[in-house]
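Per our numbering, the very first residue in the sequence shown carries number 62; after that it's consecutive. Here a beta-carbon is modelled for each residue, glycine too, at the ideal position from N, C-alpha and C. Step one of this worksheet: look at the structure below.
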Amino acid sequence: MVIINDTSKYGEECFICLENGICRLTLSPKCPDVAFLSTLIVDAKHRRKGTGNMLLVAAEKIAVEKGCNALTLESETGWTKDWYARHGFVVVGEGYDENMILMCKPLQNVQKRPKNKIKIATFEKK
Ligand SMILES: CC(C)(COP(=O)(O)OP(=O)(O)OC[C@H]1O[C@@H](n2cnc3c(N)ncnc32)[C@H](O)[C@@H]1OP(=O)(O)O)[C@@H](O)C(=O)NCCC(=O)NCCS
């Protein structure tokens, strides 16, 4: 496995490369709690051999090491959605069209962080 760390104008790009597949992990200092996974692609001739699973596990491991509390991605609504769900991702919102869905997985770091101290004010409508 080769991991290429690069910087973009927004933060850090991490490309995880296996012989037959690649995925991209994006991190931003403006939002250090969350990593965004994208461009998960396995060579069509080498699918269904576990490469996708390995890339997903590697991306999650790196996100944990980077101190992120959550890993997010956009998935198609077909079988990939169920596959991500088996990896612990939950649907958190709609995608940019009806074929896409936003998903998120809380990472183990989330248990280590102090309790959320944000106070939420509620207003009654008159
Ligand atoms: C999605 C993709 C990366 C999966 O890669 P892969 O190496 O074939 O995945 P794996 O062999 O690790 O299989 C992953 C799981 O999905 C299932 N799966 C894989 N291809 C499937 C298919 N065409 N239909 C239904 N299930 C499928 C496997 O059974 C496996 O399930 P498991 O966790 O129970 O073992 C690959 O199909 C791909 O590159 N697709 C095109 C790009 C894409 O759609 N990317 C994801 C964007 S949301």
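Next on the checklist: Going by beta-carbon coordinates alone, are Leu101 and Gly82 separated by less than 9 Å?
Outcome noted: In the sequence shown, counting from the first residue as 1, residue 101 sits at position 40. In the sequence shown, counting from the first residue as 1, residue 82 sits at position 21. Contact flag set, yes.
Checklist entry - Can we count Leu132 as close to ligand 1, meaning its CB is less than 8 Å from some heavy atom? => result Residue mapping note: residue 132 aligns to position 71 of the sequence shown, counting from 1. No, Cβ of Leu132 sits at least 8 Å from all heavy atoms of ligand 1.
Next on the checklist: Just to confirm the assignment: which complete alpha helix (DSSP H) runs, minimum length 4, are found wholly within the stretch 72-127?
Outcome noted: Listed in chain order, they are 112-126.
Checklist entry - How should Glu75 be labelled, buried or exposed, when 16 other C-beta atoms within 10 angstroms of its C-beta is the threshold for buried? => result Taking the first residue of the sequence shown as 1, we reach residue 75 at position 14. As written in the sequence, residue 75 is Cys, which differs from the Glu given in the question. Cys75 comes out buried.
Checklist entry - Does the Cβ of Asn160 lie closer than 8 Å to at least one heavy atom of ligand 1? => result Translated into the one-based positions of the sequence shown, residue 160 becomes position 99. False, no ligand heavy atom lies under 8 Å from that Cβ.
Item to check | C-alpha gap between Val95 and Leu132, whole angstroms | outcome: Counted from its first residue, the sequence shown places residue 95 at position 34. Counted from its first residue, the sequence shown places residue 132 at position 71. Computed Cα separation, rounded: 6 Å.
Checklist entry - So Thr68 is in the beta strand (DSSP E); what residue range does that whole segment cover? => result In the sequence shown, the residue the question calls residue 68 occupies position 7. Val63 to Thr68 is the extent of the beta strand (DSSP E) around Thr68.
Item to check | Start-to-end residues for the alpha helix (DSSP H) that takes in Ala182 | outcome: One-based indexing of the sequence shown puts residue 182 at position 121. Unbroken run through Ala182: none, as it is neither H nor E.
Checklist entry - Any contact of the stretch 160-167 with the stretch 116-136, i.e. 3+ C-beta pairs under 8 Å? => result Short answer: they touch.
Next on the checklist: Starting from Thr133, trace the beta strand (DSSP E) in both directions and tell me its first and last residue.
Outcome noted: By 1-based counting over the sequence shown, the position of residue 133 is 72. Start and end: Ala131 to Glu137.
Checklist entry - Per DSSP, Leu163 forms a beta bridge with which residues? => result Within the sequence shown, the letter at position 102 stands for residue 163. Residue pairing for Leu163: DSSP places it in a beta bridge opposite Glu135 and Gly154.
Next on the checklist: I want to check one thing, is the minimum distance from the CB of Val152 to the heavy atoms of ligand 3 below 8 Å?
Outcome noted: Within the structure as shown, ligand 3 is missing, the only ligands being ligand 1.
Checklist entry - On the premise that Ala120 lies in contact with Leu86, defined as a C-beta separation below 8 Å, what is that separation, rounded to the nearest angstrom? => result Taking the sequence shown and counting its residues from 1, one reaches residue 86 at position 25. Taking the sequence shown and counting its residues from 1, one reaches residue 120 at position 59. About 5 Å separates the two Cβ atoms, so the contact holds.
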